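Asker: Numbering (the numbering used here), first residue to last: 114 to 317. All residues carry an ideal CB built from backbone N, CA and C; glycine is no exception. Note that this is a predicted model, so its numbers are computed, not measured. Okay, here's the structure, questions in a sec.
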């Protein structure tokens, strides 16, 4: 867990200058303005599944739901903030446990490779802060003995944005999350693994 925390805080320091620059950026031709969007995807923490083939997933898991906002663009860089939710239900390996729930807050830098094109590939680099909780069998709305556990992580990804109308665009991304909690949430404290998601966003 300590190595994840060290990596998390080091990443914050590295991202401070380009992130600040993105906030005061001027817009470019297609994707330079601020945006608001929603995504849905599949996340597979490696310790929860031995399935290696695509499509990946975890038994009993919900889709990964994500809402995000992006800053105006500076050069090829955009700052993206996200709020995501994921849960694994019907857990069989722990008595009285119904589900494990993860709420994730992410901050990423997106580097667009072809900024002046309607179809824009990008790579992303980010950090995350997560809250994990457990729900018992007899109530989905009551937590077990302890409150939320905290987790820290970093992530890298690649994908593309496609402008389909004047202010509307589609997005798709594959990324890898490195996430560790300070204690076990559900069946593990290590939620590192790949995620693929797709969605749309509106540019202002």
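So the candidates are 185, 200, 233 and 204; which of them puts its Cα closest to the Cα of residue 245?
Answerer: Here residue 245 corresponds to residue number 132 of the chain shown, with the count starting at 1. Considering only alpha carbons, the answer is 200.
Asker: In the region 212-276, which residue ranges form an unbroken beta strand (DSSP E) of at least 3 residues, counting only runs that do not cross its ends?
Answerer: Complete beta strand (DSSP E) runs here, min 3: 232-249 and 262-276.
Asker: According to DSSP, simplified to helix, strand and coil, what is residue 179?
Answerer: Along the chain shown, one-based indexing puts residue 179 at 66. Correct three-state label for residue 179: strand.
Asker: Could you compute how far the alpha carbon of residue 235 sits from the alpha carbon of residue 242?
Answerer: Within the chain shown, numbered from 1, the residue matching residue 235 stands at position 122. Within the chain shown, numbered from 1, the residue matching residue 242 stands at position 129. Taking the straight line from one Cα to the other gives about 23 angstroms.
Asker: Pull up the DSSP beta-bridge partners for residue 210, would you.
Answerer: Counting from 1 along the chain shown, the entry for residue 210 is found at position 97. Residue 210 is bridged to 249.
Asker: Just how far apart, CA to CA, sit residue 223 and residue 193?
Answerer: Here residue 223 refers to the residue found at position 110 of the chain shown. Here residue 193 refers to the residue found at position 80 of the chain shown. If I take the Cα positions, the gap works out to 7 angstroms.
Asker: Can you name, in chain order, every residue of its own chain whose Cβ lies under 6 angstroms from the Cβ of residue 303, other than the five neighbours on each side?
Answerer: The residue given as residue 303 occupies position 190 in the chain shown. Within the same chain, residue 303 has close Cβ partners 160 and 293.
Asker: Starting from residue 310, trace the beta strand (DSSP E) both ways and give me its first and last residue.
Answerer: To locate residue 310, count along the chain shown from 1; it is residue 197. Counting along the chain, the beta strand (DSSP E) containing residue 310 begins and ends at 306-316.
Asker: I'd like to know whether the C-beta atoms of residue 185 and residue 150 end up nearer to each other than 7 angstroms.
Answerer: As a position in the chain shown, residue 185 is number 72, starting the count at 1. As a position in the chain shown, residue 150 is number 37, starting the count at 1. In this structure, residue 150 does not lie closer than 7 angstroms to residue 185 by Cβ.
Asker: Which residues mark the beginning and the end of the beta strand (DSSP E) in which residue 200 is found?
Answerer: Working through the chain shown from its first residue, we reach residue 200 at position 87. First-last of the beta strand (DSSP E) with residue 200: 190-202.
Asker: Using beta-carbon positions only, say whether residue 298 and residue 202 come within less than 7 angstroms of one another.
Answerer: Counting from 1 along the chain shown, the entry for residue 298 is found at position 185. Counting from 1 along the chain shown, the entry for residue 202 is found at position 89. No.
Asker: Give me the Cα-Cα distance between residue 317 and residue 204, rounded to the nearest whole angstrom.
Answerer: Counting from 1 along the chain shown, the entry for residue 317 is found at position 204. Counting from 1 along the chain shown, the entry for residue 204 is found at position 91. If you take the alpha carbons of residue 317 and residue 204, they lie about 42 angstroms apart.
Asker: Determine the DSSP secondary structure at residue 161, reduced to helix, strand or coil.
Answerer: Taking the chain shown and counting its residues from 1, one reaches residue 161 at position 48. Reduced to three states, the DSSP call for residue 161 is helix.
Asker: How would you call residue 324, buried or exposed, if buried means at least 16 neighbouring beta carbons within 10 angstroms?
Answerer: There is simply no residue 324 to check, as the chain begins at 114 and stops at 317 in what is shown.
Asker: How many whole angstroms separate the CB atoms of residue 191 and residue 225, which I take to be in contact at a CB cut-off of 8 angstroms?
Answerer: By 1-based counting over the chain shown, the position of residue 191 is 78. By 1-based counting over the chain shown, the position of residue 225 is 112. That pair is a contact at about 7 angstroms.
Asker: Can you give me the C-alpha to C-alpha distance between residue 269 and residue 197, rounded to a whole angstrom?
Answerer: Taking the chain shown and counting its residues from 1, the one referred to as residue 269 is at position 156. Taking the chain shown and counting its residues from 1, the one referred to as residue 197 is at position 84. Rounded to the nearest angstrom, the two C-alpha atoms are 16 angstroms apart.
Asker: Taking the alpha-carbon of residue 157 as reference, which of 309, 233 and 265 has the nearest alpha-carbon?
Answerer: Along the chain shown, one-based indexing puts residue 157 at 44. If we check each option's Cα against that of residue 157, 309 comes out closest.
Asker: On the three-state DSSP scale, how would you describe residue 145?
Answerer: Translated into positions along the chain shown, residue 145 becomes position 32. Three-state DSSP puts residue 145 in coil, outside helix and strand.
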